[in-house]
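Accompanying notes for the structure given below.
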Amino acid sequence: MFICRIRRKVSKLSKMIANLDKIVVFSHVVYDKSDVQNPCSVSLNVRSFRSSRLLCASVKSSSSGLAIQISRTAKTGARDVLFEYLHSTRGFSFMDAEHISKNSPHFFEKLLSKFDPEEDVVKSLSKFLRYNPINEFEPFLESLGLSPVEITSLVPQRLMFLTDDSVMLENFRVLRDYGIPRIKMGKMYKEFREIFEYDYGILTSKLKAYENLGLSKPIIIKLVSCCPSLLVGGVDAEFAAVLEWFKELGMEKDEIGGFVSGKGIYDWGRMLDTLDFLDRVGYTDEQLHNLLKTNPALLFQGSGKKVYVLFGRLLKLGLKMNEVYSLFMQNPHILSVKCTKNFFKALDFLFDIAMQTEDIVHIVSTRMELMGSYSLKGPKTVCRELNVKRDELCQIIKEDPLKWFDVASKSKIQSSIQVASKDPSTFLEKTAFLSRLGYLENSDEMLKALKQFRGRGDQLQERFDCLVNAGLDSNVVKNVIKQAPMVLNQSKHLLEKKIDCLTNWLGYPLESVVAFPAYLCYDMERINQRFSMYAWLRERGAAKSMLSLSTILACSDARFVKYFVLVHPEGPAKWDSLKNSLNTA
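Everything in the sequence shown is counted per our numbering, starting at 365 for the first residue and increasing by one.
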């Protein structure tokens with residue numbers, strides 16, 4: 365009987381194997397490159413078909429045992445368990461529990477590594493947390509942007525729950541509720557732990573104190589995130605002094621927020637010294653205002669260090685203090701980051717070819733603007749291209765410094781040099797103005813702009829200032845000019861007339877020219893005729909109010925007549941009347 369039972373079981377097993385052969389297809393066997401030395405390690409891709417559905421499974425076996433990763437579904441469930449533990453068991457707010465559970469990947473992986481992946485990980489984690497509380501500082505600090513290595517030295521030795529450090533938790537909540545990004549708080553905690561050790565109410569009063577300086581809340585959030593030291597001690601007096609400088613220069617205090625970033629390190633004392641130094645040199649408020657607007661990196665990259673480096677190198681050349689002051693006044697934009705870099709490189713070029721100091725001083729005194737405007741090749745490259753020795757190149761430059769920029773510039777500037785040789789002052793003024801607009805020296809864009817813009821540098825600056833004084837931000841004006849360069853070819857008087865027409869007669873906001881800069885390029889006859897007709901239609905309810913400037917001005921004459929004249933029975937007569945009266949006027 366026993367043997368019969370065994371035979372029946374073997375028969376059933378044979379049938380099962382036969383059926384399995386029909387539904388399972390071993391598509392191919394893949395040997396991993398990493399397992400070539402171990403012939404027992406094989407990865408099989410198995411595809412099984414059941415009820416017309418394709419089920420895919422990947423099994424990896426090795427001599428060291430079975431390794432199966434936890435599925436995404438199981439991880440999601442486990443993360444929900446961690447959230448529930450933090451929120452329901454430990455009493456964290458919903459937002460805090462969610463942020464910590466989703467933004468502490470290393471802690472989460474370490475937690476899951478405690479369980480067998482073949483078992484129900486969600487159930488195992490839930491049971492584990494029921495009897496084994498976690499050190500909450502680890503996931504908390506990781507969720508603030510700190511790495512596991514940094515966290516190791518920051519986790520309190522004798523504390524386990526965040527509520528054990530109620531002062532730290534309270535200060536965290538103050539920063540969170542104020543709007544400081546959590547990802548920025550890790551840096552604060554690591555570098556300025558004292559921020560999280562203030563007694564109740566002190567941190568709130570510090571943030572309020574910066575609001576009392578005239579800064580808006582979003583700007584304070586950015587400043588504190590980028591420069592946490594502002595919250596250490598009392599209100600930073602040097603920072604407050606820099607803000608007062610901004611006010612005196614006609615800038616909004618909140619503009620300082622646009623100049624800082626999380627990558628910078630800011631020494632407000634040195635910035636203040638730099639501003640005082642430039643004031644003593646002789647820079648006017650207007651020049652400082654334009655300098656900071658166009659080259660904020662001068663002050664905010666290195667906290668003004670490059671100003672002192674440049675000043676020191678000029679004195680080291682043998683220039684007297686008053687001569688250096690004069691050079692700074694004649695070339696105020698030499699202090700931009702790009703110009704300073706080019707100038708230092710040009711100065712090193714002259715030293716490399718063994719030029720005498722007095723000759724270098726002469727070139728610096730007469731060609732400083734060009735030295736800052738062009739990025740030059742190295743002396744070896746120039747000598748090789750010209751097939752001359754260094755002493756010969758030195759002689760060429762002494763005889764004709766403009767030739768130096770022609771042969772050594774990294775881009776072709778021959779046409780620019782020709783302009784400079786004909787009228788150096790006009791050329792320098794114009795290129796200086798274009799550099800302030802953001803055009804890169806030596807670039808094709810700069811050469812094209814030199815041809816597009818008509819007028820001297822001071823005239824172009826006057827037209828630019830006209831738009832700024834009308835109420836547009838200087839950065840906005842730069843964008844307007846880049847979209848429609850012909851704007852600066854209008855005279856200051858004509859620009860003022862068109863702006864007055866737009867805002868006072870037509871009733872459009874000044875910002876309308878930002879969306880359609882070409883408005884300032886149309887002649888007054890077209891503007892008056894078309895907008896007079898449009899206003900007439902609007903009074904009679906035959907046209908929508910505040911149509912875009914481009915809709916009215918940019919269309920062809922035929923299209924304008926079709927949509928703005930013929931839409932009213934009396935339109936053609938009125939249109940003829942307007943054209944005759946305006947032409948007569």
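C-beta atoms are modelled at their ideal positions from N, C-alpha and C, and glycine is treated no differently.
{"Query": "Alpha carbon of residue 750 to alpha carbon of residue 887, nearest angstrom", "Result": "51 angstroms"}
{"Query": "Where residue 937 falls, given that 16 or more other Cβ within 10 Å makes a residue buried", "Result": "exposed"}
{"Query": "Three-state secondary structure (DSSP) of residue 930", "Result": "coil"}
{"Query": "Separation of residue 931 from residue 906, as counted between CA atoms", "Result": "7 angstroms"}
{"Query": "Contiguous alpha helix (DSSP H) assignments of at least 4 residues, all confined to the region 471-536", "Result": "485-495, 501-507 and 512-518"}
{"Query": "Stretch pair the region 672-684 + the region 866-880: three plus CB contacts closer than 8 angstroms", "Result": "no"}
{"Query": "Buried/exposed call for residue 757, threshold 16 Cβ in 10 Å", "Result": "buried"}
{"Query": "Status (buried if at least 16 other CB within 10 Å, exposed otherwise) for residue 923", "Result": "exposed"}
{"Query": "Cβ shell of residue 942 (< 7 angstroms), same chain only, five flanking positions each side left out", "Result": "893, 896 and 897"}
{"Query": "Three-way DSSP call (helix, strand, coil) for residue 938 in this model", "Result": "helix"}
{"Query": "Residue 502 versus residue 515 - alpha carbon distance", "Result": "7 angstroms"}
{"Query": "Simplified DSSP state of residue 740, which is helix, strand or coil", "Result": "strand"}
{"Query": "Contact between the region 590-598 and the region 635-646 (3+ Cβ pairs under 8 angstroms)", "Result": "no"}
{"Query": "Inter-residue CB distance, residue 505 and residue 550 (contact presumed, cutoff 8 angstroms)", "Result": "7 angstroms"}
{"Query": "Helix, strand or coil at residue 984 according to DSSP, with G and I counted as helix", "Result": "No statement about residue 984 is possible, as the shown extent of the chain runs from 365 to 949 and does not include it."}
{"Query": "Sub-7 angstroms separation of residue 767 and residue 802 beta-carbons", "Result": "no"}
{"Query": "Straight-line Cα distance separating residue 442 from residue 434", "Result": "10 angstroms"}
{"Query": "Classification of residue 572 by the beta-carbon crowding that lies within 10 angstroms, buried from 16 upward", "Result": "exposed"}
{"Query": "Proximal residues to residue 470 (C-beta, below 7 angstroms), its chain only, five neighbours per side dropped", "Result": "506 and 512"}
{"Query": "Residue 747 versus 554, 760 and 933, residue with shortest Cα-Cα distance", "Result": "760"}
{"Query": "Where the alpha helix (DSSP H) through residue 875 begins and ends", "Result": "Taken as a continuous stretch (DSSP letters only), residue 875 belongs to no alpha helix (DSSP H), as it is neither H nor E."}
{"Query": "Short Cβ contact (7 angstroms threshold) for residue 838 with residue 832", "Result": "yes"}
{"Query": "Candidates 489, 755 and 540, of which the one nearest residue 459 by Cα", "Result": "540"}
{"Query": "Residue 675, buried or exposed, once every other Cβ within 10 Å from all chains shown has been counted against 16", "Result": "buried"}
{"Query": "Alpha-carbon to alpha-carbon, residue 872 and residue 908", "Result": "14 angstroms"}
{"Query": "Bridge partners - residue 773, DSSP secondary structure assignment", "Result": "740"}
{"Query": "Same chain, Cβ closer than 6 angstroms to residue 499, five either side skipped, listed in chain order", "Result": "524"}
{"Query": "Check whether residue 700 and residue 738 have beta carbons under 7 angstroms apart", "Result": "no"}
{"Query": "Helix, strand or coil at residue 718 according to DSSP, with G and I counted as helix", "Result": "coil"}
{"Query": "Residue range of the unbroken alpha helix (DSSP H) whose run includes residue 568", "Result": "566-576"}
{"Query": "CB contact below 7 angstroms: residue 461 versus chain B", "Result": "Going by chain labels, chain B is absent from the structure shown, which holds only one protein chain."}
{"Query": "Same chain, Cβ closer than 8 angstroms to residue 619, five either side skipped, listed in chain order", "Result": "610"}
{"Query": "Distance between residue 450 and residue 486 (C-alpha atoms, nearest Å)", "Result": "15 angstroms"}
{"Query": "Inter-residue spacing [alpha-carbon to alpha-carbon] between residue 624 and residue 616", "Result": "15 angstroms"}
{"Query": "Helix, strand or coil at residue 599 [DSSP, three-state]", "Result": "coil"}
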